[in-house]
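The structure appears right after this line, and notes come after that.
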Amino acid sequence: MKNILVTGGAGFIGSNFLNYILTKRDDVNIVNLDKLTYAGNLENLSSIEKKKNYTFVKGDITNRELLDYIFTKYSIKHVINFAAESHVDRSILGSEVFTVSNVLGTNVLLEAAKNHQVERFVQISTDEVYGSLGPTGLFTENTPLSPNSPYSASKTAADMLAMAFNHTYGLPVVITRCSNNYGPYQFPEKLIPLMIINAMHDKKLPVYGDGLNVRDWIHVTDHNRAAELVWENGKVGEVYNIGASQEMTNIEIIKLIIKALGKTEALIEYVKDRPGHDKRYAIDSTKIERELGWKPEHKFEEAIQSTIEWYLNNKPWWGRIISGEYQDYYKKQYLS
Ligand code: NAD
Ligand code: DAU
66 MKNILVTGGA GFIGSNFLNY ILTKRDDVNI VNLDKLTYAG NLENLSSIEK
116 KKNYTFVKGD ITNRELLDYI FTKYSIKHVI NFAAESHVDR SILGSEVFTV
166 SNVLGTNVLL EAAKNHQVER FVQISTDEVY GSLGPTGLFT ENTPLSPNSP
216 YSASKTAADM LAMAFNHTYG LPVVITRCSN NYGPYQFPEK LIPLMIINAM
266 HDKKLPVYGD GLNVRDWIHV TDHNRAAELV WENGKVGEVY NIGASQEMTN
316 IEIIKLIIKA LGKTEALIEY VKDRPGHDKR YAIDSTKIER ELGWKPEHKF
366 EEAIQSTIEW YLNNKPWWGR IISGEYQDYY KKQYLS
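Residue numbering for the sequence shown follows the numbering used here, beginning at 66 and increasing consecutively.
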């Protein structure tokens, strides 16, 4: 059995990872440590929560004593760190919590992993650490780090700390840098679920700037299959980019959602641009494909339709979310 600490497992990608891995394999004991911020939701885990090889602990990755307790009690030898504040717009509204959770939190987790001699530490990072591309070219693992938002700066700092723990103490760190994920359980502050839910309610669809910014979309399950491979077979001290070569402008995605839901393009509203808005992300995944044999399985045209259907069929899930703190955030971000 492999004893794994997964952090942030109640969020979008972490919960999809747990649902995927605990359904697929029984050679893992997993402790999920999650603070349950506004983005953490135990409902995402209802299908696996009763499994004997799964334990949930509510807590913060900045809590040294709690980490010591968990590493000892559960003989943790593997860490997969998904926990983070993840939304760029929120980092622009207020950056400090991003430094605390993403930088200090990763630092505290790395210390605990070092003290407890873990065999593998996977840092789940992002392509945003590379900054922004012009109209051509792709991010490779050798692209210089050049983050632009408080969110991406905090993720870059976490990556640097993780690499420093590898160089200095020999901690067996591997880093993944993935592009924009979509799929079930994504919090409706992010582009795709926000547009689906607003369109369903015939609410305005707020497009930042000219709508021509480009993101490289990957289904969350493809990201998680890659994270599993990197955890098991990735080379210590290495970075692996993950992407599905599915570049789209924001306005293309919004129009696709409008069409799928049978709504009108009159809902589109061009609004003030995101400050420091990165123009284009695009990932070169050659390394993980060549070295670990990974390939994306989901095609955007099909998987976006099943994602839209998931939101249509799971109204109670997002209905509870948008009736809470979300309203305050929405007002601050879009209506002030
Ligand atoms: P999310 O915001 O949906 O979930 C984050 C989870 O982390 C939540 O459950 C939250 O409660 C938890 N958390 C936050 N701070 C914590 C703390 N201090 N201690 C313990 N738990 C804490 O985020 P996501 O979209 O699932 O992203 C997960 C990871 O993947 C992040 O590290 C993010 O940077 C990275 N990533 C995301 C994307 C994407 O498109 N969403 C792409 C590439 C990488
Ligand atoms: O690239 C990986 C990153 O992708 C992850 O590291 C982040 O955690 C994740 O949030 C995501 O960041 P983005 O900023 O690219 O995602 P977001 O969904 O916020 O925005 C996608 C694009 O859509 C971006 O160009 C901004 C635009 N947008 C977004 C929202 C919420 C709009 O035009 N209007 C909106 O209301």
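We treat Cβ as the ideally placed atom computed from N, Cα and C, and that holds for glycine.
These numbers come from a predicted model, not from an experiment.
Between which two residues does the alpha helix (DSSP H) carrying residue i extend?
i	result
residue 371	365-378
residue 296	285-298
residue 273	Counting along the chain, residue 273 falls outside any alpha helix (DSSP H), though it belongs to the beta strand (DSSP E) covering 270-273.
residue 171	170-180
residue 141	No alpha helix (DSSP H) contains residue 141, which DSSP labels as neither H nor E.
residue 351	351-357
Could you give the DSSP three-state label for residue i: helix, strand or coil?
i	result
residue 187	strand
residue 99	strand
residue 232	helix
residue 117	coil
residue 71	strand
residue 391	helix
residue 84	helix
residue 346	coil
residue 126	coil
residue 252	coil
residue 226	helix
residue 156	helix
residue 360	coil
residue 267	coil
residue 301	coil
residue 198	coil
residue 218	helix
residue 161	helix
residue 108	helix
residue 213	coil
residue 150	coil
residue 166	helix
residue 384	helix
residue 79	helix
Under a Cβ-count criterion, where at least 16 other Cβ atoms within 10 Å of its own Cβ denotes burial, should residue i be classed as buried or exposed?
i	result
residue 192	buried
residue 335	exposed
residue 94	buried
residue 377	exposed
residue 98	buried
residue 270	buried
residue 20	In this structure the chain extends from 66 to 401, so residue 20 is not present and cannot be described.
residue 289	buried
residue 295	buried
residue 70	buried
residue 207	exposed
residue 100	buried
residue 401	exposed
residue 91	exposed
residue 374	exposed
residue 372	buried
residue 152	buried
residue 272	buried
residue 263	buried
residue 106	buried
residue 236	buried
residue 286	buried
residue 175	buried
residue 246	buried
residue 66	exposed
residue 338	exposed
Per DSSP, residue i forms a beta bridge with which residues?
i	result
residue 262	In DSSP, residue 262 forms no bridge with anything.
residue 282	245
residue 328	The partner list for residue 328 (beta bridge, DSSP) is empty, contrary to what the question assumes.
residue 336	273
residue 94	68
residue 314	279
residue 204	348
Along the beta strand (DSSP E) that carries residue i, what are the first and last residues, could you check?
i	result
residue 49	There is no way to answer for residue 49, as the model of the chain reaches only from 66 to 401.
residue 307	304-307
When every heavy atom of the ligand GTP is checked, does at least one fall within less than 8 Å of the C-beta of residue i?
i	result
residue 160	For the ligand GTP, the structure offers nothing, since it holds only the ligand NAD and the ligand DAU.
| request: Kindly confirm or deny that the stretch 320-328 and the stretch 361-378 touch, where touching means at least three C-beta pairs closer than 8 Å. | output: yes
| How do the stretch 84-92 and the stretch 156-163 stand: do at least 3 beta-carbon pairs fall below 8 Å, yes or no? | no
| request: Decide yes or no for the touch test of the stretch 371-391 against the stretch 232-245: beta carbon pairs closer than 8 Å, at least 3 of them. | output: no
| Okay, do the stretch 189-207 and the stretch 242-257 touch, 3+ Cβ pairs below 8 Å being the bar? | yes
| request: Kindly confirm or deny that the stretch 215-225 and the stretch 277-284 touch, where touching means at least three C-beta pairs closer than 8 Å. | output: no
| If you pair each beta-carbon of the stretch 176-183 with each one of the stretch 129-149, do three or more pairs fall below 8 Å? | yes
| Is there contact here, the stretch 382-401 with the stretch 346-357, by at least three beta-carbon pairs under 8 Å? | no
| message | Between the stretch 142-151 and the stretch 73-83, can you find at least three pairs of beta-carbon atoms closer than 8 Å? | response | yes
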